[in-house]
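J.: One structure, as structure tokens, below. Some questions next.
Protein chains: 2
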Amino acid sequence: MSEQEQQNQQQIADVTDKMEQVILDAEGKPLSKKALKKLEKEREKEQKKQERLAREAAERAAREAAEVDYATDNYGNAKLNMSQQQTNTKWTEIKELSAAMADQTVHIQARVQTSRPTGNKMCFLVLREGTATAQGLLVVNEDTISKQMVKFANSIPSESIVSITAIVVIPAEPIKSCTVGDIELHITKLFVISKVVTGLPFSIEDASYSKLDYEKDPTLNKVLLDTRLDNRVIDLRTIANNAIFKIQAAVGQLFREYLTEQKFTEIHTPKLISTASEGGSNVFQVTYFKRQAYLAQSPQLYKQACIAADFGRVYEIAPVFRAENANTYRHLTEYVGLDLECAFREHYHEIMYMIGDMFVYIFKNLEERWAHELEIVRKQYPSEPIKFDEKPLRLEFKDAIALLRKHGVEIGDLDDLSTPQERELGKLVKKEYGTDFYMLDKFPLGIRPFYTMPDPENPEYSNSYDFFLRGEEIMSGAQRIHDPVLLTERIKALEIDPSSLTDYIKGFEYGCPPHAGGGVGLERVVMFYLGIGNIRHTSLFPRDPKRVDP
Amino acid sequence: MSEQEQQNQQQIADVTDKMEQVILDAEGKPLSKKALKKLEKEREKEQKKQERLAREAAERAAREAAEVDYATDNYGNAKLNMSQQQTNTKWTEIKELSAAMADQTVHIQARVQTSRPTGNKMCFLVLREGTATAQGLLVVNEDTISKQMVKFANSIPSESIVSITAIVVIPAEPIKSCTVGDIELHITKLFVISKVVTGLPFSIEDASYSKLDYEKDPTLNKVLLDTRLDNRVIDLRTIANNAIFKIQAAVGQLFREYLTEQKFTEIHTPKLISTASEGGSNVFQVTYFKRQAYLAQSPQLYKQACIAADFGRVYEIAPVFRAENANTYRHLTEYVGLDLECAFREHYHEIMYMIGDMFVYIFKNLEERWAHELEIVRKQYPSEPIKFDEKPLRLEFKDAIALLRKHGVEIGDLDDLSTPQERELGKLVKKEYGTDFYMLDKFPLGIRPFYTMPDPENPEYSNSYDFFLRGEEIMSGAQRIHDPVLLTERIKALEIDPSSLTDYIKGFEYGCPPHAGGGVGLERVVMFYLGIGNIRHTSLFPRDPKRVDP
């Protein structure tokens, strides 16, 4: 049904409604015969009018059909790209566009985020590519853009991909709704290269509102987290999500940049392991041919083996699997571990401070080199940039306990910090020292893994540390026990079956230098750095006890 | 028992043996009384001599014990390092040592690969750190190095780790057996910081011989591959293995360097997946809480999802799991996948040639920036550097078939190449084009996965390619089908259950740009690049159907 036909039908329906209202009158009683007759006449008149309008519309359609479309070469659905040809076209990305390119003709491939008609002679398109959007415009003219072409532009389903040729024009007013707002694209050619053929579960606009947008206008559509994750391919297209994963990649890149400079070697340790070591619980079981195997819950034992094998300084970026039935905002069953392990000469503080410097390197470079992406993310997820010192603050565990107690928190000397206590501590540290990032050193031995080196001065404590960002733990590490006798003693003291750790202990019997290290959860660092409230937003396809799809 | 006591006892035993021989004579008959008496006297004389020697030895030992050891501060077993202290010592690595440092005092921590006494006043140590070895020397002097200290040095078990202070000295002759041969370390302090307390399954020397060494001396000990892998922590300490894994890390680094320059984003896709997609066989099953899940056998579907989600250009370095019961020199059940996927504007050759350039970048930089490590590896595993062109050779599949047939290989037009045929082709290409590296383009459609884009000119072929190095496949890739209708058609044609691919197909219904990509096995690239005959040598802790340990 054409738009015109729809309008006509609606008008008839409106009149009929009106008549029925009149017939029943305000009290719901039938009207007089005279009044009825008058109404009947009015109805006939309206009917004739509608018939005339329909006739006129049909005539117009016929005229339009007969009208020669002088723009057929300039638009349409492109043939499926099977690599039929290679031209020498120079393609431009939307984020490269600027006022300096005024009057240039450019070739672009991008999504149509929305199309908005203005009358039947004009059409606005919001074009999107990665984290950039720009406004496209088609206006009927006498030789290259026909009414049919504008109609075609209007009919393109949202999220379809188009290939356009356009002239870069400086608009009278900057276009605030687009990230590249100082130019406008006057489209001269428009081909759909991938058409959306099914209804979108939600629109990219709806998925892109910030808290502030909802405060200003509470009637805006909301897209629930589960709906987003069920349709992650669509959800990931928002410019904020595109930027989040550029920042996630940046954290990995900066982690490697720093460690490569420090002469670390990247390693790849096995994820399929024969025994459920490292404590034993929380491991996924795998059917491995005719036996059982397990998924590594950290590269801990293997990265230490690399130290015993003289690799000196190693790091790994790889998936880590935790069969923990924890449904919280900060737990995943599969996440990306940034792990490092490092032989040292004298003191584990050599490594702890190096890790501190590494984070400072990451934070500084993110703000400088990924400023564009951070700006995009903060538009949808507003947060203050983190505060940190060039030389990060080191706090001892016992001083942290004292600080908490001073502010009324009840906690034992050797108790582990709960998540709320960690957050409280974060607030107190921020207040006292003005930093969102600090290192907590010398944890009680009792709350750390069996392979943690005790403190030589006070055996109730240990040579171990956590790093905190905005009051949440982002890295845990320690000096490890490199002596097989002390290690066996600790394993026995903690009532772990030493038989599952035979190979591990043997590695130290063959000689091993003192070493320390730590592990970071990539998604956690990104989440806390960006101040985003749920780890599922910083995992590409998150996995939790209830979700293993898509 | 002291060495002196041992010598004495041996001499007594020797004389007794001699006498018994004499008593029985050559014919085995007893001697005359006179002869016996003479012998008895000789025996008594010898006995007295031995008693005297023993007395003298005891006296010497007593003297030695009474002798003040003036070097006690300069050697010994160091206390377990629990990070008791931090000094400002400047530590030097063995590979940094050079003749330019002559007469300097240096501090080093390293393995004692071997210790060799020369008399009781001198001891040579081979010190090893990563890929570097140097000779250490202790000579008794009158004030800092005592006999006891030299004795201690001789007693250090191989592979223990020591902390030394030494003076850099230029030896009369270069030390050929060490990688740093133009200097010698005259040790002044020697402390064991990690002592080997258990017998080594094999020595590092035995694990370090090359084929050439065995040809020269077939009596040299051999260490079997399984023995190496069962004791990988020791095996990895050979300088060749240390270098192999530096090269493995380098390949990853160069892969990322190139792709980062090309604006790729690193992604991390899930390894736990809900359905055994991509064909279905060869996947490991995982118990996932109360249901079953599977280990991803490639990031294929997820990296394509990232393209449909507008990431444009993505790569991933992550473990790949294959439950294939293949026990060959080139299969692993877990390996490191270097995967990439890339939207393109016009033709998949944009991507194929880019991948070709990427490999050239990797090969060139390896030879330049990792020359030291390559030299070390090639000493144990001799191989010629690969030959390749700046712009890699592209060969069409049908031309490869023609080339093989021309040389007597029987093969059908659309048959897949067997491994021997691939190797034969490699030889022919090397002969004809002088390159060890080339791209084979336009494979038959029938032997490629369902998501491969058909060739627009000839539907029996496809827009797909493999990359070959020294006649072995190192990368497989293609243009993918981005159209949901054609994709569904292909899935049905190949009789795959489309229900397992619902989410995947849906990604394309929401619009997706044309794209191409490929996947590399990291261990394979390193193996073929270095010309090493078994993939287990280039995997840190290899996994195959029979091995999931250590």
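Here the protein sequences come in this chain order: U and Z. Using my numbering, the letters of the first sequence map in sequence onto residues 1 to 550. Using my numbering, the letters of the second sequence map in sequence onto residues 1001 to 1550. Using N, Cα and C, we set each Cβ at its ideal position, and we do this for glycine too. Here the structure is a predicted model, which is why all the values come from computation and not from measurement.
Tell me the rounded alpha-carbon separation between proline 171 (chain U) and alanine 1516 (chain Z).
T.: Between proline 171 (chain U) and alanine 1516 (chain Z), the C-alpha separation is close to 37 Å.
J.: When you compare only the Cα positions, how much space is there between alanine 1026 (chain Z) and lysine 1033 (chain Z)?
T.: Interpretation of alanine 1026 (chain Z) is limited by its pLDDT of 49, a score under 50 that renders its predicted location unreliable; the figure taken from the coordinates is listed afterwards. For alanine 1026 (chain Z) and lysine 1033 (chain Z), the distance between alpha carbons rounds to 17 Å.
J.: Does the segment 475-482 of chain U touch the segment 517-526 of chain U, meaning 3 or more C-beta pairs lie closer than 8 Å?
T.: Segments in contact, yes.
J.: What is the residue span of the beta strand (DSSP E) that valine 1068 (chain Z) lies within?
T.: Taken as a continuous stretch (DSSP letters only), valine 1068 (chain Z) belongs to no beta strand (DSSP E), as it is neither H nor E.
J.: In chain order, what residues of the segment 1184-1203 of chain Z put their CB closer than 8 Å to some CB of chain U?
T.: Within the segment 1184-1203 of chain Z, the qualifying residues are Ile1193, Ser1194, Lys1195, Val1196, Val1197, Thr1198 and Leu1200.
J.: Is any beta-carbon of chain Z found at less than 8 Å from that of proline 299 (chain U)?
T.: No, its Cβ sits nowhere closer than 8 Å to a Cβ of chain Z.
J.: Quick one: using the 10 Å Cβ neighbour count with 16 as the cut-off for buried, is alanine 1062 (chain Z) buried or exposed?
T.: Exposed is the call here.
J.: Got a sec: which bits of the segment 293-326 of chain U sit with their beta carbon under 8 Å from any beta carbon on chain Z, in order along the chain?
T.: Per Cβ criterion, the list reads Ala293, Leu295, Tyr302, Ala305, Cys306, Ala308, Ala309, Asp310, Phe311, Gly312, Ile317, Ala318, Pro319, Phe321, Ala323 and Asn325.
J.: Can you give me the start and stop residues for the alpha helix (DSSP H) that serine 155 (chain U) sits inside?
T.: Unbroken alpha helix (DSSP H) run through serine 155 (chain U): 147-155.
J.: When you compare each of U:Phe397, U:Leu393 and U:Ile411 to tyrosine 438 (chain U) by their alpha carbons, which one comes out closest?
T.: Here the closest residue by C-alpha is U:Leu393.
J.: How is aspartate 639 (chain U) classed by DSSP in three states: helix, strand or coil?
T.: Outside the modelled stretch of chain U, which goes from 1 to 550, sits residue 639 (chain U), for which no answer is possible.
J.: Let me know the beta strand (DSSP E) ranges lying completely inside the segment 1332-1396 of chain Z, each 3 residues or longer, listed in chain order.
T.: Listed in chain order, the complete beta strand (DSSP E) runs (minimum 3 residues) inside the segment 1332-1396 of chain Z are 1334-1343 and 1393-1396.
J.: Closer than 8 Å, CB to CB, is leucine 1366 (chain Z) near chain U or not?
T.: Taking Cβ atoms only, chain U never reaches closer than 8 Å to leucine 1366 (chain Z), which makes this a no.
J.: Checking contacts by CB at 8 Å: is methionine 354 (chain U) closer than that to chain Z?
T.: Judged by the 8 Å Cβ criterion, methionine 354 (chain U) is not in contact with chain Z.
J.: Is any beta-carbon of chain Z found at less than 8 Å from that of proline 454 (chain U)?
T.: Cβ-Cβ to chain Z under 8 Å: yes for proline 454 (chain U).
J.: May I ask you to report which of helix, strand or coil DSSP gives glycine 1517 (chain Z)?
T.: Here glycine 1517 (chain Z) sits in strand by DSSP.
J.: Which residues in chain Z have a C-beta closer than 8 Å to the C-beta of arginine 330 (chain U)? List them in chain order.
T.: Correct list: empty, because the minimum Cβ distance to chain Z is about 17 Å.
J.: Is alanine 132 (chain U) helix, strand or coil when you go by DSSP?
T.: In the structure shown, alanine 132 (chain U) sits in a strand (DSSP, three-state: E or B).
J.: In terms of DSSP beta bridges, what is leucine 1190 (chain Z) paired with?
T.: The partner list for leucine 1190 (chain Z) (beta bridge, DSSP) reads Z:Tyr1075 and Z:Ile1164.
J.: Could you tell me whether the Cβ of aspartate 1415 (chain Z) comes closer than 8 Å to any Cβ of chain U?
T.: Chain U contact via Cβ: absent.
J.: Is tryptophan 91 (chain U) close to chain Z? Criterion is C-beta to C-beta, closer than 8 Å.
T.: It does: the Cβ of tryptophan 91 (chain U) has a partner Cβ on chain Z nearer than 8 Å.
J.: How would you list, in chain order, the residues of chain Z whose beta-carbon sits under 9 Å from the beta-carbon of histidine 349 (chain U)?
T.: Correct list: Ser1083 and Gln1086.
J.: Excluding the five sequence neighbours on either side, which residues of its own chain have a C-beta within less than 7 Å of the C-beta of glutamate 373 (chain U), listed in chain order?
T.: So the qualifying residues of the chain are Thr131, Ala243, Lys246 and Ile247.
J.: Find out if the Cβ-Cβ distance for the pair glutamate 424 (chain U), phenylalanine 468 (chain U) is shorter than 8 Å.
T.: Not closer than 8 Å, so no.
J.: Looking at chain U, is there any beta carbon in it that lies within less than 8 Å of the beta carbon of aspartate 1206 (chain Z)?
T.: Cβ-Cβ to chain U under 8 Å: no for aspartate 1206 (chain Z).
J.: Determine the burial state of aspartate 416 (chain U): buried for a count of at least 16 other Cβ atoms within 10 Å of its Cβ, exposed for fewer.
T.: Classification for aspartate 416 (chain U): exposed.
J.: Near methionine 1352 (chain Z), what residues of its chain come up, given a Cβ to Cβ distance below 6 Å and the 5 sequence neighbours on each side ignored?
T.: The answer, listed in chain order, is Tyr1465.
J.: How would you label serine 194 (chain U), buried or exposed, when you count the other beta carbons within 10 angstroms and need 16 or more for buried?
T.: So serine 194 (chain U) ends up on the buried side.
J.: Please name the residue, chosen from Z:Asn1282, Z:Gln1304 and Z:Phe1289, that lies closest to arginine 1322 (chain Z) on a Cα-to-Cα basis.
T.: Among Z:Asn1282, Z:Gln1304 and Z:Phe1289, the Cα nearest to that of arginine 1322 (chain Z) is on Z:Asn1282.
J.: Any idea what DSSP makes of alanine 1110 (chain Z), helix, strand or coil?
T.: In this structure, alanine 1110 (chain Z) counts as strand in the three-state DSSP scheme.
J.: Show which residues of chain Z have a CB atom less than 8 Å away from the CB atom of phenylalanine 397 (chain U).
T.: Correct list: empty, because the minimum Cβ distance to chain Z is about 16 Å.
J.: Who are the Cβ neighbours of glutamate 1184 (chain Z) in its own chain at under 7 Å, not counting the five residues just before and after it?
T.: If we look at glutamate 1184 (chain Z) and ignore the five residues flanking it on each side, its Cβ neighbours are Gln1135, Leu1137, Val1169, Pro1171 and Ile1175.
J.: For asparagine 1241 (chain Z), count neighbouring C-beta atoms within 10 Å of its own C-beta (all shown protein chains included) and say buried if the count is 16 or more, exposed if not.
T.: Answer is buried; the Cβ neighbour count reaches 16.
J.: Do you know whose CA, among U:Glu129, U:Ala99 and U:Ala293, lies nearest glutamine 551 (chain U)'s CA?
T.: With chain U represented from 1 up to 550, any question about residue 551 (chain U) goes unanswered, as that position is not in the structure.
J.: Does the structure place the segment 312-322 of chain U close enough to the segment 339-348 of chain U that three or more beta carbon pairs sit under 8 Å?
T.: Result yes; three or more Cβ-Cβ pairs closer than 8 Å.
J.: Inspect the beta-carbon positions of glutamate 350 (chain U) and phenylalanine 344 (chain U) and report whether they are closer than 8 Å.
T.: A contact, by the Cβ cut-off of 8 Å.
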